[in-house]
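Scroll down for the structure; my scribbles are underneath it.
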Amino acid sequence: MDPVFLAPKRSVDKTFRAFDPEQGLLLPPSLDDWLAADHLVRFIADLVDEHLDLSRITAAYTEVRGGPPYDPRLMVRILLYGYTTGVRSSRKLESACVDVVAFRWLAAGSAPDYRAIARFRKRHLSALGHLFVQALALCQAAGMVSLGQVALDGTKVRANASKRKAMSYARMTDKEKVLASEVSALLLEAERIDKDEDKKFGKSRRGDELPAELARRETRLEKIRQAKAALEEEARARARAQAEAKARDRAAMTTTRLRLKGRRPPSRSPRNRRRSATSLTLIPRSCSPATGRFTSATAPRPSLMPITR
13 MDPVFLAPKR
23 SVDKTFRAFD
33 PEQGLLLPPS
43 LDDWLAADHL
53 VRFIADLVDE
63 HLDLSRITAA
73 YTEVRGGPPY
83 DPRLMVRILL
93 YGYTTGVRSS
103 RKLESACVDV
113 VAFRWLAAGS
123 APDYRAIARF
133 RKRHLSALGH
143 LFVQALALCQ
153 AAGMVSLGQV
163 ALDGTKVRAN
173 ASKRKAMSYA
183 RMTDKEKVLA
193 SEVSALLLEA
203 ERIDKDEDKK
213 FGKSRRGDEL
223 PAELARRETR
233 LEKIRQAKAA
243 LEEEARARAR
253 AQAEAKARDR
263 AAMTTTRLRL
273 KGRRPPSRSP
283 RNRRRSATSL
293 TLIPRSCSPA
303 TGRFTSATAP
313 RPSLMPITR
């Protein structure tokens, strides 16, 4: 069985920092205490609230019945921070406003859903383009080399920081036109991501919702137990198959060895048979004093003579 499917064990001989998911927490009374004093979102908030002219967006709203819309400052805050830090999906921005402290701080605890975020971007696309260019220009003028993941070349450009008039593309310098192309790319990418996610998840789904049977803890735990049992059974079946395969391999190797042991030696060639017909025989011989020749009567030592049969 794979180790991952073994029952979890409690450590009894190790010391770790205290961890108790059921322990109540004493949270700071203000969300501001959760955020570092030099965090980028503080700069974003000051930039949007104090130095960007949102009148073009606010003028588009009229008093209507029903729920009021989200404050444009809130929406521009999270869009500017999200887009410049790589969060360009409206669904991910909604999740970030709940799960990420920086976004929660920017939104002041509000959590606009992804449909409201996408509608705001589409409705005010042109105004947002001007505002984002103005924001990047202000960052360049302040000497910043980047805003989030958007690199700035450090060259100071003309930035209209007036709250009475928004920047006009027609009056942009070449440097500002470069920033405008960066902003256009950000907005186009955000639009493309939202369309892709609408096709993938459906327009009415965020995409990270739990299935209905997993929403309640009781059914969720039972579902996990069932899934774990199924995985454990798969692991056991895989282990049995591997053991059977090894047994077959061992049986095949044993049969091969037995066959090799029972084989006859290879037959000798005719040449080998002719060579074996000649053998060497020991014949005792001695040297006669009269003739000076060796005889076989007595022999001081044996001598080898070939005899052909």
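The numbering used here applies: residue 13 is where the sequence shown begins, and numbers increase by one. Cβ coordinates follow ideal geometry from the N, Cα and C atoms, glycine included. Since the model is a prediction, treat every value here as computed from it, not as a measurement.
message = Relative to the C-alpha of residue 91, which candidate in 75, 74, 67, 59 has its C-alpha closest?
response = 59
key: Span of the alpha helix (DSSP H) around residue 106   = 102-111
key: Backbone secondary structure at residue 28 - three-state DSSP   = coil
ask   = For residue 131, which option in 199, 242, 49 has the closest C-alpha, if you only look at C-alpha atoms?
value = 199
task = Take residue 95 and list the residues in its own chain whose beta-carbon comes closer than 7 Å to its own, dropping the five residues that flank it on each side.
result = 198, 202
message = Once the 5 residues before and after residue 98 are set aside, which same chain residues still bring their CB inside 6 Å of it?
response = 161
Own chain, CB closer than 8 Å to residue 135, minus 5 neighbours either side, in chain order = 72
key: Backbone secondary structure at residue 99 - three-state DSSP   = coil
ask   = DSSP three-state call for residue 196: helix, strand or coil?
value = helix
query = So, helix, strand or coil for residue 158, using DSSP?
reply = strand
query = Does DSSP classify residue 120 as helix, strand or coil?
reply = coil
message = Need the endpoints of the alpha helix (DSSP H) that residue 142 sits in, please.
response = 137-153
ask   = Would DSSP call residue 163 helix, strand or coil?
value = strand
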